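Engineer: Just so we're aligned: 12 in the UniProt record's numbering is position 12 of the sequence shown, and the numbers increase by one with no gaps anywhere. Even glycine gets a Cβ: it sits at the ideal position worked out from N, Cα and C. Note that the structure is a prediction, hence the values are computed from the model and not measured. Handing you a structure now.
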Amino acid sequence: MLKPNQEKYLSTIPADKKVVIKPYDPKLREVADGIIRFVHGIDPDLEVLFMGAAGLGISGQGDLDLYILCKPSDFGKYLLGLKDVFGEPVKEKDTYVAWELVRDDVPVELYLTDLGNEIYNTSMKEQNDIFNILKTNPDILKEYEDLKISLNGQSFREYQRQKYKFYNRVLSQESNEK
């Protein structure tokens, strides 16, 4: 079962968009580390989360998902420096700023946000919770990677739907165990 915010996001995905899943490439970590160094050059105290399949070291879309954690009231302190390094953002909202860029032939989604905020109708806290569950549970991580691989070549909408179902099940099991 999907949540209303998940259904809402799925409805925005073009029906003809396909997903391509690639084996994990260690180059992704190197590119992420370089971007994190740029961010820390702006302010060494900024926390950067390296998430997604690449952050987990598993098969995925061959892209990077990086989140710079910052309270929205502090966005102004960092925005100019981040724009100097990463260019103009593709979205600038009250609760997050998003960049889409390519570094060393690797697509990168970079966000300035706060764990309490939502990006594309998904809470950052929920994303962080599922990431940490996957990172600390090898069996669940393997199941997740197998799911991603099985959806290679499918519509992106179905890929995202199956991931949401997986996340919801894992988060539900986790909350039942507490």
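For G57, collect the residues of the same chain with a Cβ closer than 7 Å to its Cβ; drop the 5 residues on either side in sequence, then sort them by chain order.
Structural biologist: So the qualifying residues of the chain are Y24.
Engineer: Could you spell out where the beta strand (DSSP E) holding D43 opens and where it closes?
Structural biologist: Neither: D43 is in no beta strand (DSSP E) and is coded neither H nor E.
Engineer: Identify which residue in F75, Q160 and F38 has its Cα closest to the Cα of P14.
Structural biologist: Nearest of F75, Q160 and F38 to P14, Cα basis: Q160.
Engineer: Between which two residues does the alpha helix (DSSP H) carrying Q138 extend?
Structural biologist: Here the sequence assigns Pro to residue 138, which means Gln is not the residue at that position. Looking at the DSSP string, the run of the alpha helix (DSSP H) that includes P138 is P138 to S150.
Engineer: Can you check which of these residues, Q61, E7 and V39, is closest to K77 by C-alpha distance?
Structural biologist: It is V39.
Engineer: If you compare alpha carbons, which of R29, I36, N168 and S172 is closest to V85?
Structural biologist: With distances taken between Cα atoms, V85 lies closest to I36.
Engineer: Thinking just about the alpha-carbon of each residue, which of I21, G81 and L101 is nearest to the one in S59?
Structural biologist: Comparing Cα positions, the closest option is I21.
Engineer: Is it true that the stretch 90 to 101 meets the stretch 125 to 144, where meeting means three or more beta-carbon pairs spaced less than 8 Å apart?
Structural biologist: The answer is no - the stretch 125 to 144 does not touch the stretch 90 to 101, with fewer than three Cβ pairs under 8 Å.
Engineer: Tell me where the alpha helix (DSSP H) around V170 begins and ends.
Structural biologist: Per DSSP, V170 belongs to the alpha helix (DSSP H) from F156 to E177.
Engineer: Cα separation between Q173 and M1?
Structural biologist: Going from the Cα of Q173 to the Cα of M1 covers about 14 Å.
Engineer: Which residue comes first and which comes last in the alpha helix (DSSP H) that contains E7?
Structural biologist: Its alpha helix (DSSP H) spans residues P4 to L10.
Engineer: Tell me the start and end of each unbroken alpha helix (DSSP H) in the stretch 62 to 92 that is at least 4 residues and wholly inside, in chain order.
Structural biologist: The stretch 62 to 92 contains these whole alpha helix (DSSP H) runs: 75 to 86.
Engineer: Roughly how far, in whole angstroms, is the beta-carbon of L110 from the beta-carbon of L66, given that I think they are within contact range, below 8 Å?
Structural biologist: Right, their Cβ atoms sit about 5 Å apart.
Engineer: Determine the DSSP secondary structure at V31, reduced to helix, strand or coil.
Structural biologist: If DSSP states are grouped into helix, strand and coil, V31 belongs with the helices.
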